[in-house]
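If you want the working numbering, it's the 1-based position in the sequence shown plus 13.
Right, one structure below, let's go through it.
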Amino acid sequence: MTAGDEIRGTAHGTAPVPLSVLDLVTVGAGRTASDALRTSVELAKLAEARGFHRYWVAEHHSMPGVASSSPAVILAHLAAYTERIRLGSGGVMLPNHAPLVIAEQFGTLEAMAPGRIDLGLGRAPGTDGATAAALRRTDRLNEGADDFPQQLAELTRFLDDDFPDGHPYRRIHAVPGPVQATSPGGVQSPHRPPVWLLGSSGFSARLAGVLGLPFAFAHHFSAQNTIPALDLYRESFRPSGVLDAPYALIGVAALAADDEKEARRQVLAAALNMVRLRTGRPGLVPTPEEAEAYDFSPMEREFVESWNANVIHGTADEVRAGLDDLRKRTGADELMLTANAHGGDVRVRSYELIADAYGLPTPA
14 MTAGDEIRGT
24 AHGTAPVPLS
34 VLDLVTVGAG
44 RTASDALRTS
54 VELAKLAEAR
64 GFHRYWVAEH
74 HSMPGVASSS
84 PAVILAHLAA
94 YTERIRLGSG
104 GVMLPNHAPL
114 VIAEQFGTLE
124 AMAPGRIDLG
134 LGRAPGTDGA
144 TAAALRRTDR
154 LNEGADDFPQ
164 QLAELTRFLD
174 DDFPDGHPYR
184 RIHAVPGPVQ
194 ATSPGGVQSP
204 HRPPVWLLGS
214 SGFSARLAGV
224 LGLPFAFAHH
234 FSAQNTIPAL
244 DLYRESFRPS
254 GVLDAPYALI
264 GVAALAADDE
274 KEARRQVLAA
284 ALNMVRLRTG
294 RPGLVPTPEE
304 AEAYDFSPME
314 REFVESWNAN
324 VIHGTADEVR
334 AGLDDLRKRT
344 GADELMLTAN
354 AHGGDVRVRS
364 YELIADAYGL
374 PTPA
């Protein structure tokens, strides 16, 4: 196996690059978290059957409309329903956790689904400041972000079990992990989850490049920074034992429907949910009917128009054209699609339509 083999994907059908899925496990009004998690299982099985490369779950907290506060737990659940697709975090917010805990969680996932686990890491809290303070048991939140490179180095050493002699953690081991292969009679998996850095600005882009790691950029909520961040990543890149050349994916908000009007109705509801989140009123994802009846203020309307300008939506052919154009403009090596809508059936249908538009494999 050469450097990058567990990272680079294969494009199928007429897709210009590998296509993947980012799941926020969204909960719509009138639905439960159980409903959302059942949709996640259905989506993961669909993604695997249709040739999507990986399926990631994002860490968020204190948001009623997002049921993905525990990515490792959800990934373990999805591993039981899939066989081939890569599963990962998009991402785990490292400053919220002790590096040893993350190494143990993802070592356990790797033991459950050998050779299929990705560990995507971010430095943001994935929530508001008060919730972050509760998670980290401190109100000095900048310290966590500033310490990210040190936390990353510590996590990597736990994953590789290679703290040097004299280090205070030299005799501490993340289990499951490589230490088991050094025990009498021990046999250890040859795989360990590849680490990805996630970002929405230049900090993680530069760090990923310097360390020779794959990079995932959050285009779906920071589109204005996409090309500068990818340029910085590529310019900073140094070949490593992980990758011999840069590899960057971008998260893309994309929703396809059977007709353009229905797509507009669905993304309006998702945009109203963002309006409420950004104004300190997080809630469940509203129905399209509620969004159509909502009296948007001029400022809210301006936000919705700006937000939806970066959501590729419409018929399957329109979404395919938008994705192709975005890939040409950014040079991304992989597109990770996130479909935010009130109903799970709408999200499932969106991925089906996009798969059909690109002629992705169909189940036997």
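Beta carbons are placed, not taken as given, at the ideal position from N, Cα and C, and that holds for glycine.
On a predicted model such as this, the values are computed, not experimentally measured, just so you know.
Under 8 Å between the Cβ atoms of residue i and residue j?
| i | j | result |
| --- | --- | --- |
| A370 | R340 | no |
| A116 | L37 | no |
| A354 | R360 | yes |
| L134 | L107 | yes |
| S33 | I87 | no |
| A242 | G225 | no |
| L59 | T351 | no |
| E331 | E273 | yes |
| Y260 | P227 | yes |
| E96 | S202 | no |
| D257 | G22 | no |
| A322 | A304 | no |
| R251 | G222 | yes |
| G26 | L373 | yes |
| T169 | V208 | yes |
| L262 | E347 | yes |
| I98 | E61 | yes |
| G357 | A49 | yes |
| R278 | P311 | no |
| A267 | I185 | no |
What residues match up with residue i in a beta bridge as DSSP calls it?
| i | result |
| --- | --- |
| R99 | R67 |
| A267 | I325 |
| A218 | According to DSSP, which records beta bridges pairwise, A218 is partnered with nothing at all. |
| V79 | T39 |
| V86 | Answer by DSSP bridge pairing: none, since V86 is not bridged. |
| L262 | A229 and E347 |
| V200 | Partner(s): none; V200 has no beta bridge. |
| V298 | G41 |
Round the Cβ separation of residue i and residue j to the nearest angstrom and send it over; I've been treating them as touching at under 8 Å.
| i | j | result |
| --- | --- | --- |
| G103 | V79 | About 13 Å separates the two Cβ atoms, so there is no contact after all. |
| V105 | P84 | 6 Å |
| H204 | L148 | The Cβ separation is near 29 Å, so there is no contact. |
| L210 | L220 | 6 Å |
| V317 | F309 | 6 Å |
| T328 | A284 | Not confirmed; about 19 Å, so no contact. |
| L100 | I130 | 6 Å |
Could you please give the first and the last residue of the uninterrupted beta strand (DSSP E) stretch that includes residue i?
| i | result |
| --- | --- |
| D36 | L32 to D36 |
| M349 | E347 to T351 |
| G1 | Residue numbering for the chain in the displayed model covers 14 to 377; residue 1 lies beyond these limits and cannot be assessed. |
| F228 | F228 to F230 |
| L134 | I130 to G135 |
Looking at the secondary structure, which residues open and close the alpha helix (DSSP H) in which residue i lies?
| i | result |
| --- | --- |
| A124 | P112 to M125 |
| M312 | P311 to N321 |
| D236 | Contrary to the premise, residue 236 reads as Ala rather than Asp in this sequence. A236 -> no alpha helix (DSSP H), and no H or E assigned at all. |
| V208 | Here V208 belongs to no alpha helix (DSSP H); instead the beta strand (DSSP E) covers V208 to G212. |
| G357 | G357 to A370 |
| N286 | E273 to R291 |
| F161 | F161 to D173 |
| V192 | V192 to T195 |
| P108 | Careful: P108 lies outside any alpha helix (DSSP H) and carries neither H nor E. |
| P301 | P301 to A306 |
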